[in-house]
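J.: Numbering (our numbering), first residue to last: 46 to 745.
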């Protein structure tokens, strides 16, 4: 068995450990101590037992020892020998954290102190002791008058026959049979026979199918439960039969006799308790496997680097297709028909390929949202507040890269809502609100973008205070008139904070600007809306994917830009007389009874002035974050699927630009960040008309 295979199997096990720990934490956070279901307790128990069994295969002894004690407590809870209480739930959550850190250390090949987690372990044992179970009970029993007991002088060695028959799909699941066979040598002396009669002819062999099976004779003093634990993770992709053939009695060696003499009564009782726990785990696992069998789906774990490479290759295919189309249009007319039809068919296939590849990268936001209940629970405890969390849209899918980078910004916004938004229970009651505050987290797919909202029913933003603080710090121009919503969003300015007391939760006011910058780095945007006394809403808008988008190519002067199709509402040809200037530089047009701001793109990017054809103006009506406005352009050059290239990797970032792409003619075109255009426009107006602007805070 190669080291690479062992490491791959270990990597798979660690990934599954994190999934099991996340599942266990989710159940613990939602469990009702007054009406805890046996199904929930069984599920947590199975998580602990599966981790313990797998850790034993890889000799992760600290995880095995710690998890075994936790497993004992869970078993007593399942049997109703111990009643579940909130303090016990808190202990189990802390134990879950310890196991998580142990798994992280195993993943990173780091050594932990021998007493790591000892404090939580003592808490678990104290619960067992208080209920007459575990080591505490054994200790009490040892203090009672003892009767002389004869020490053993012999040991029993059992001979097992293990039939290990993997299914053909076992290798595809990431499991490695030889790792399991090697793990048996930790229990005793194995004698392995490989059965090869199912191997097909050479030309019929599938290299990722498993055709072999094994018969293993094992001499060990361990129980069949210990053997079954090794095969715990592959019970759904292999048949395992363990049968005891015989048992022989052998005299103890001198070293073994000394070891027995040194063994305490509580250790002996602990061994008996362990055997009972293992049998319970075996029974529970069998039930779980039966329930899962009918709904089991075939999956395969693939390194994300391989998927990223595939996405890049699809991107290059899209670029090549655009170039081919551009060249085909230059051919004489008699060749156009057949070639263009072939290119259209190629375009259809490449789009289907792109969608299929991108779907592999998509993940439900549930993996991100599932971290938040624990965060809010901990924050509520630290702040002395009562806060509940409500979540919806957890199955909404988004690019895996976005999920990985969105965690920290999302947690920071939730911390802000809990710390600055939600009031303490007594303050809420005084305001006529329920004592328990609420934070809601939702995700939805709207118009080709993912919208995530973090909403609280707290105090809202004190706009007078925010504005004064921004003036004190010199963050705003006192001559500029700001709307209520613009004042709300001052919290995203670098260094802004109204917190009078610095804490490890609210920090030093260096966070919200980083939140915005990180989200914008994902091609997204974030705004906040607030109502004094009623609460605030953070709205995050993100692209479905960071790789490819459908765009409209436009011309402004001599330059070409891309507007994402998802932002375009419609295109209009508007007569000059229909455009009205409200204030200097501020233009609006009435479109079907709705007044829409008009922005000239040539001013935004300081390019040559737009052409004046004397009759009408070409306007692209766009929408971003529920705000509509029109962009004046010179020409629409057509719709095209484009590959997004990061500007930060190749040059300095440009305000109002989210990325770049290569067009069919080989030219580079910039992709507009529609959400930034109005802000840039306002800055230009302030520079052009500094005297005319007067500050007037809107009353809200």
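In this text, a Cβ means the ideal position worked out from N, Cα and C, and glycines have one as well.
Using DSSP with H/G/I as helix, E/B as strand and the rest coil, what is residue 107?
T.: Reduced to three states, the DSSP call for residue 107 is helix.
J.: Assuming the contact rule is C-beta atoms closer than 8 Å, residue 443 and residue 408 should be a hit. Round their C-beta distance to whole Å, please.
T.: The pair is a contact, with the Cβ atoms about 7 Å apart (cut-off 8 Å).
J.: In the DSSP output, which residue or residues are listed as bridge partners for residue 540?
T.: Paired residue(s): none; residue 540 is not in a bridge.
J.: Opposite residue 626 in the DSSP bridges: which residues?
T.: Paired residue(s): 632.
J.: My guess is that residue 486 and residue 567 are in contact by the Cβ rule of under 8 Å, so how many angstroms apart are they, rounded?
T.: That pair is no contact at about 18 Å.
J.: Less than 6 Å between C-beta atoms, sequence neighbours within five positions excluded: which residues of the same chain meet that for residue 355?
T.: Closer than 6 Å at the Cβ level, and outside the excluded window around residue 355, lie 402.
J.: Which residues in the same chain as residue 68 place their Cβ atom closer than 8 Å to its Cβ, once the five residues preceding and following it in sequence are excluded?
T.: Hits under 8 Å: 88 and 92.
J.: Quick one: is residue 376 buried, meaning 16 or more other Cβ sit within 10 Å of its Cβ, or exposed?
T.: By the neighbour-count rule (16 or more Cβ atoms within 10 Å), residue 376 is not buried but exposed.
J.: So, helix, strand or coil for residue 618, using DSSP?
T.: Strand.
J.: State the beta-bridge partners of residue 723 as determined by DSSP.
T.: Paired residue(s): none; residue 723 is not in a bridge.
J.: Are the stretch 596 to 614 and the stretch 672 to 682 touching, with three or more C-beta to C-beta distances below 8 Å?
T.: Yes, they touch.
J.: Grouping DSSP H, G and I as helix and E and B as strand, with all else coil, what is residue 78?
T.: If DSSP states are grouped into helix, strand and coil, residue 78 belongs with coil.
J.: Taking just the CA atoms, how far does residue 96 sit from residue 331?
T.: Only weak support exists for where residue 331 lies, its pLDDT of 47 falling under 50; the value from the coordinates is given anyway. Rounded to whole angstroms, residue 331 to residue 96 spans 16 Å at the Cα level.
J.: Tell me which same chain residues have a C-beta within less than 8 Å of the C-beta of residue 75, skipping the five on either side of it?
T.: Contacts found: 418.
J.: I think residue 663 touches residue 614, with their Cβ atoms under 8 Å apart; what is that distance to the nearest whole Å?
T.: At roughly 15 Å, the Cβ-Cβ gap does not stay under 8 Å, so residue 663 and residue 614 are not in contact.
J.: Looking at C-beta atoms only, is the number of pairs between the stretch 219 to 231 and the stretch 94 to 108 that lie closer than 8 Å three or more?
T.: Contact holds: three or more Cβ-Cβ distances are below 8 Å.
J.: Per DSSP, what kind of secondary structure is residue 132 in: helix, strand or coil?
T.: Note: residue 132 maps to helix in three-state DSSP.
J.: What are the uninterrupted segments assigned as alpha helix (DSSP H) that are 4 or more residues long and contained completely in the stretch 371 to 459, given in chain order?
T.: Fully enclosed alpha helix (DSSP H) runs of 4 or longer: 378 to 406, 411 to 414 and 417 to 428.
J.: Whose C-beta lies closer than 6 Å to the C-beta of residue 688 among residues of the same chain, with five residues either side of it excluded?
T.: Excluding sequence neighbours, residue 688 sits near 360, 363, 364, 593 and 706.
J.: For residue 496, does the count of other Cβ atoms within 10 angstroms reach 16, so buried, or fall short, so exposed?
T.: The residue in question, residue 496, is buried, as its Cβ has 16 or more Cβ neighbours within 10 Å.
J.: Closest to residue 106 by CA distance: which of 519, 137, 56 and 151 is it?
T.: Ranking 519, 137, 56 and 151 by Cα distance to residue 106 puts 151 first.
J.: Are there 16 or more other CB atoms within 10 angstroms of the CB of residue 719, so buried, or fewer, so exposed?
T.: Under this definition residue 719 is a buried residue.
J.: Kindly indicate which three-state DSSP category residue 252 falls into: helix, strand or coil?
T.: Residue 252: coil per DSSP, three-state reduction.
J.: Given this structure, state the Cα-to-Cα distance separating residue 520 from residue 538, to the nearest angstrom.
T.: Whole-angstrom Cα-Cα distance: 7 Å.
J.: Quick one: Cα of residue 577 to Cα of residue 505, how far?
T.: Approximately 4 Å between the Cα atoms of the pair.
J.: Just the C-alpha distance for residue 155 and residue 241, rounded to the nearest angstrom, thanks.
T.: Those two C-alpha atoms are separated by around 40 Å.
J.: Nearest-angstrom Cα distance between residue 400 and residue 438?
T.: Their backbone Cα atoms lie some 22 Å apart in a straight line.
J.: Could you tell me how far apart the beta carbons of residue 210 and residue 258 are, in whole angstroms, since I believe they sit closer than 8 Å?
T.: Sure, about 4 Å apart at Cβ, within 8 Å.
J.: Drop a sphere of 10 angstroms on the beta-carbon of residue 541, count the other beta-carbons inside from all chains shown, and report buried for 16 or more, exposed for fewer.
T.: Under this definition residue 541 is a buried residue.
J.: Using only the alpha-carbon positions, how far apart do residue 426 and residue 532 sit?
T.: The straight-line gap from Cα to Cα measures roughly 31 Å.
J.: Let me know if residue 440 comes out buried or exposed under the rule of 16 or more other beta-carbons within 10 Å of its beta-carbon.
T.: That one is exposed.
J.: In its own chain, which residues sit with a C-beta less than 7 Å from the C-beta of residue 55, not counting the 5 before and 5 after it?
T.: Contacts found: 103.
J.: Give a yes or no on whether the C-beta atoms belonging to residue 674 and residue 609 are separated by under 8 Å.
T.: No, the Cβ-Cβ distance between residue 674 and residue 609 is not below 8 Å.
J.: Buried or exposed, going by whether 16 or more other CB atoms sit within 10 Å of the CB of residue 580?
T.: Looking at its Cβ environment, which holds 16 or more other Cβ atoms inside 10 Å, residue 580 is buried.
J.: Excluding five sequence neighbours on each side, which residues of the same chain lie with their C-beta closer than 6 Å to the C-beta of residue 445?
T.: Cβ within range, chain order: 406 and 408.
J.: Identify whether residue 317 lies in helix, strand or coil by the three-state DSSP scheme.
T.: With a pLDDT of 46 at residue 317, under the threshold of 50, the predicted position of this residue should be treated as unreliable, and no value is reported.
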